[in-house]
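With the UniProt record's numbering as the guide, the letters of the sequence shown map in order to residues 1 to 717.
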Amino acid sequence: MSDPLLYTIGWICAIVPEFVAARLFLDEEHEYPVSVSKHDSNSYKLGRIGKHNVVIAVLPHGEYGLNSAATVARDMLHTFENVKVGLMVGVGGGAPSTKNDIRLGDIVVSSPGDGHGGVFQYDFGKSLHSGRFRTTGFLNKSPTALMTALNSLISDIEIKGNWLGDDIDKALRSKSLKQKYGRPDPESDMLFRSEVAYDADKTLTEYGPEDVVKRPKRDEGEGPVIHYGLIASANQVMKDPCKRDALAAEKNVLCFEMEAAGLVNHFPCLVIRGICDYSDTHKNKQWQGYAAMAAAAYAKALVCRLQESRLEHERRILEIPQVLSLLENVKQSVSEIKTRVDHAILGELSVAAGAEYDTHHNEHDPTCHPETRIDIIHEIERWASDADGPRMYWLSGMAGTGKSTIARTVARKFDDMHMLAASFFFKRGEMDRSRASLLFSTIARQLVSHRQELLPFVLEAIKKTDNISSKSTREQFSKLVLDPLHKARTGQRGKPKMLLVLDALDECSAEKDIETVVPLLAKLVKCKGYDIKVFVTSRPELAIHYAFDRTKGLHEEIQLHRVSQDTISHDIGVYLRDELAQIKKVWNARYPECSSRHLSVDWPGDENLEALVHMTNPLFIFAATACRLIRDHHYGDPDQQLSTLLRASKESGVNDKLGPTYLPALRQFRDGRTGLEKGRMLLRFRRIFGTIILLEESLSIVSIAGLEIAVLDCPSR
Numbered sequence: 001m002s003d004p005l006l007y008t009i010g011w012i013c014a015i016v017p018e019f020v021a022a023r024l025f026l027d028e029e030h031e032y033p034v035s036v037s038k039h040d041s042n043s044y045k046l047g048r049i050g051k052h053n054v055v056i057a058v059l060p061h062g063e064y065g066l067n068s069a070a071t072v073a074r075d076m077l078h079t080f081e082n083v084k085v086g087l088m089v090g091v092g093g094g095a096p097s098t099k100n101d102i103r104l105g106d107i108v109v110s111s112p113g114d115g116h117g118g119v120f121q122y123d124f125g126k127s128l129h130s131g132r133f134r135t136t137g138f139l140n141k142s143p144t145a146l147m148t149a150l151n152s153l154i155s156d157i158e159i160k161g162n163w164l165g166d167d168i169d170k171a172l173r174s175k176s177l178k179q180k181y182g183r184p185d186p187e188s189d190m191l192f193r194s195e196v197a198y199d200a201d202k203t204l205t206e207y208g209p210e211d212v213v214k215r216p217k218r219d220e221g222e223g224p225v226i227h228y229g230l231i232a233s234a235n236q237v238m239k240d241p242c243k244r245d246a247l248a249a250e251k252n253v254l255c256f257e258m259e260a261a262g263l264v265n266h267f268p269c270l271v272i273r274g275i276c277d278y279s280d281t282h283k284n285k286q287w288q289g290y291a292a293m294a295a296a297a298y299a300k301a302l303v304c305r306l307q308e309s310r311l312e313h314e315r316r317i318l319e320i321p322q323v324l325s326l327l328e329n330v331k332q333s334v335s336e337i338k339t340r341v342d343h344a345i346l347g348e349l350s351v352a353a354g355a356e357y358d359t360h361h362n363e364h365d366p367t368c369h370p371e372t373r374i375d376i377i378h379e380i381e382r383w384a385s386d387a388d389g390p391r392m393y394w395l396s397g398m399a400g401t402g403k404s405t406i407a408r409t410v411a412r413k414f415d416d417m418h419m420l421a422a423s424f425f426f427k428r429g430e431m432d433r434s435r436a437s438l439l440f441s442t443i444a445r446q447l448v449s450h451r452q453e454l455l456p457f458v459l460e461a462i463k464k465t466d467n468i469s470s471k472s473t474r475e476q477f478s479k480l481v482l483d484p485l486h487k488a489r490t491g492q493r494g495k496p497k498m499l500l501v502l503d504a505l506d507e508c509s510a511e512k513d514i515e516t517v518v519p520l521l522a523k524l525v526k527c528k529g530y531d532i533k534v535f536v537t538s539r540p541e542l543a544i545h546y547a548f549d550r551t552k553g554l555h556e557e558i559q560l561h562r563v564s565q566d567t568i569s570h571d572i573g574v575y576l577r578d579e580l581a582q583i584k585k586v587w588n589a590r591y592p593e594c595s596s597r598h599l600s601v602d603w604p605g606d607e608n609l610e611a612l613v614h615m616t617n618p619l620f621i622f623a624a625t626a627c628r629l630i631r632d633h634h635y636g637d638p639d640q641q642l643s644t645l646l647r648a649s650k651e652s653g654v655n656d657k658l659g660p661t662y663l664p665a666l667r668q669f670r671d672g673r674t675g676l677e678k679g680r681m682l683l684r685f686r687r688i689f690g691t692i693i694l695l696e697e698s699l700s701i702v703s704i705a706g707l708e709i710a711v712l713d714c715p716s717r
């Protein structure tokens, strides 16, 4: 399930074709949110575009207009509290003029100018003595981060040409999609004169040339033409060509639609519209699908140019005063008002993205196979249920022994029993997860979800201490965790059980942080109002040993690297047997039994399996790496890859674990390349791995991508 706090871009659609188009341009789709606010009635699709997580919402079926759009945006912010910018993407009616040659399938993007912010509410204004109507509904500008990305996209299209048509063609993968969302015949693009009313008894071919505005033909190879300027919005459909022309002439309006004015003052966004008609009585849905695709294609190109650093500096929409005002105004009762204000305050609490065990960041990380680690898991369960035993459990082990996999398994098991109060998985190289600065604010955020009675006391701490997430680790622990736990159970009977899971404490980069955190955890488990236990994993490093030595009597310890070889061999054997069976199943599905490449029923054979277990023992990480190499068919079939690994093991000797596991991969990386390619790849290898070796520190993907980019000439790596 996906964590709503990881999504920073809100994308709103009005109708199903717009929703379909938006989904077609996601780079990947995510699972439905792990939790949705009880005040949120929206339907969502979550996914990723480029480096950004995007939440897409669609208006309820049959509902249109400003109020519906505002309601959808409001509900989105209840669940997705970290959304910072919005996009309103879909179809609109064009306002062609002598100045603006707008055609069906073109794209209009709201852009500020002449004192307006890009969107204008034309049914909001004052009647004048002359009988004319003066509009006063110019709305706020779009977020700065979006406008910066917009400039980047404009320049790219000018330099490289318009590629959006190609993107649309690539997205339409099936015949049925092409029929509904492909570009219609350009001959159907007819702009009728303003005085020519729609006649239901006439087909398009029955109108004469005198009924249609004559316009020069466009090159059919061009992508959708993009126009930037003012979009007119109202709670009604524009079908009056005379009013359309008047607003186009007076305000330089480019298109009309029905949702944007309900958003931009309360949901800072950019409005992107594909033109599907000309805002007259000749409206039809022939161009609706393609127009939706054109708008979505532009929106994706824009998001791909949205800089992460600029987005980080944007305020969350919930922090914008107008948004908070709107949220308060739409509440139906005092209890609803309180709940939503609480959410807004809680949203001020910074958390480490991806630190919980079940976030999207970690969804592909494994848990223990049901037939492995049985004794250890049972031992941990025994410890957790023992009311009189030690309050902390420290599972230590060398790198690759499977500590994090066990931690995820424990977290999942106790979460299913509704006993998991919080989890934090440290990760070296990821800024917020490689230090303790957001450890207790992240834990506090989870605690209030698990134990609602803690909420008022955590909210009180947030309100009383400005920017509490930036305070010292000790102060955050005291105000956000320990004090609320004491206050919530004052005078109460019983001690609710709670388990906290902290994984990879050794990947907390500062030893001083470790020396601070462990004693604070010792204080936490002494809290009298709750039965709290803490499960910690780490490598057996000196700083952690020293910290736990000062908690004598409070913790129990088991060392994974001291578990019997027979137990480890059994578990690795179970894991390898299961993984190789899956590899064989997938491979044989590609090659029929009569094929020479089909793997035999008894593959890999007991002897090879035993050799592979011996080769990888005692490190699960080597077993997992071996399976990845065997699965990689680019350099040979699974049997060839297995033979390569086992041969490398014999050549390397019994004490060398790294050689047989990684040398075949390095050789395959080198083999089959020309001299020039080989030289370039070796240069890249030395630059990147040489830096890591010199630093003696693992690096994040972002850091690696930044290594010697100019020299490597590989900005996409």
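Think of the CB as a built atom: it goes at the ideal place given N, C-alpha and C, for glycine as much as any other residue.
Just so it is clear, the structure is predicted and the values come from calculations on it, not from any experiment.
Residue i versus the options, residue with shortest Cα-Cα distance
{"i": "Phe192", "options": "Pro209, Tyr591, Leu439", "result": "Pro209"}
{"i": "Gly529", "options": "Gly93, Gly494, Tyr181", "result": "Gly494"}
{"i": "Gly118", "options": "Leu520, Ser434, Arg273, Glu556", "result": "Arg273"}
{"i": "Val237", "options": "Gln121, Asp211, Pro224", "result": "Gln121"}
{"i": "Leu24", "options": "Lys51, Ser37, Leu177", "result": "Leu177"}
{"i": "Arg628", "options": "Met615, Glu579, Asp606, Ser643", "result": "Glu579"}
{"i": "Ala611", "options": "Tyr635, Lys650, Asp637, His634", "result": "Lys650"}
{"i": "Asp240", "options": "Thr281, Ile443, Glu430, Leu311", "result": "Thr281"}
{"i": "Glu187", "options": "Arg382, Asp415, Gly105", "result": "Gly105"}
With 16 other Cβ atoms within 10 Å as the buried cut-off, status of residue i
{"i": "Pro592", "result": "exposed"}
{"i": "Ser596", "result": "exposed"}
{"i": "His61", "result": "exposed"}
{"i": "Gly125", "result": "Confidence at Gly125 is low in this model, with a pLDDT of 47, below 50, so the placement of that residue is unreliable and no value is reported for it."}
{"i": "Cys13", "result": "buried"}
{"i": "Val536", "result": "buried"}
Beta-bridge pairing of residue i - partner residues as DSSP gives them
{"i": "Glu29", "result": "Gly47"}
{"i": "Leu87", "result": "Trp11, Leu270"}
{"i": "Phe424", "result": "Leu502"}
{"i": "Leu153", "result": "Bridge partners of Leu153: none, in fact."}
{"i": "Ala232", "result": "Phe120, Phe256"}
{"i": "Asp277", "result": "Gly93"}
{"i": "Lys497", "result": "Asp531"}
{"i": "His555", "result": "Met392"}
{"i": "Val212", "result": "Phe192"}
{"i": "His227", "result": "Val108"}
Rounded separation between residue i and residue j - CA only
{"i": "Leu459", "j": "Lys584", "result": "54 Å"}
{"i": "Arg74", "j": "Asp388", "result": "48 Å"}
{"i": "Ile107", "j": "Leu6", "result": "30 Å"}
{"i": "Glu319", "j": "Ala461", "result": "18 Å"}
{"i": "Asn162", "j": "Ala296", "result": "15 Å"}
{"i": "Cys368", "j": "Val91", "result": "48 Å"}
{"i": "Lys285", "j": "Val54", "result": "28 Å"}
{"i": "His555", "j": "Pro143", "result": "51 Å"}
{"i": "Gln565", "j": "Thr372", "result": "14 Å"}
{"i": "Gly397", "j": "Tyr290", "result": "57 Å"}
{"i": "Glu259", "j": "Leu420", "result": "42 Å"}
{"i": "Ala171", "j": "Cys594", "result": "37 Å"}
{"i": "Cys217", "j": "Met190", "result": "A quick correction: the sequence has Lys, not Cys, at residue 217. Roughly 12 Å separates the two Cα atoms."}
{"i": "Lys38", "j": "Ala411", "result": "25 Å"}
{"i": "Ile275", "j": "Asp245", "result": "16 Å"}
{"i": "Gly131", "j": "Lys243", "result": "With a pLDDT of only 38 at Gly131, under 50, the local geometry of the prediction cannot be trusted, and the value read off the model is given with reservation. Approximately 15 Å between the Cα atoms of the pair."}
{"i": "Asp114", "j": "Asp365", "result": "52 Å"}
Element boundaries [alpha helix (DSSP H), containing residue i]
{"i": "Ala299", "result": "288-304"}
{"i": "Ala249", "result": "241-251"}
{"i": "Val448", "result": "439-450"}
{"i": "Met615", "result": "606-616"}
{"i": "Gln582", "result": "565-590"}
{"i": "Gly182", "result": "Note, Gly182: premise wrong, no alpha helix (DSSP H); not H, not E."}
{"i": "Glu18", "result": "16-24"}
{"i": "Cys627", "result": "620-631"}
Boundaries of the beta strand (DSSP E) in which residue i is found, first to last residue
{"i": "Phe535", "result": "531-538"}
{"i": "Ile56", "result": "52-58"}
{"i": "Ile107", "result": "107-110"}
Any C-beta of chain B under 9 Å from that of residue i
{"i": "Lys84", "result": "Although the question refers to chain B, the structure presented lacks it and comprises just one protein chain."}
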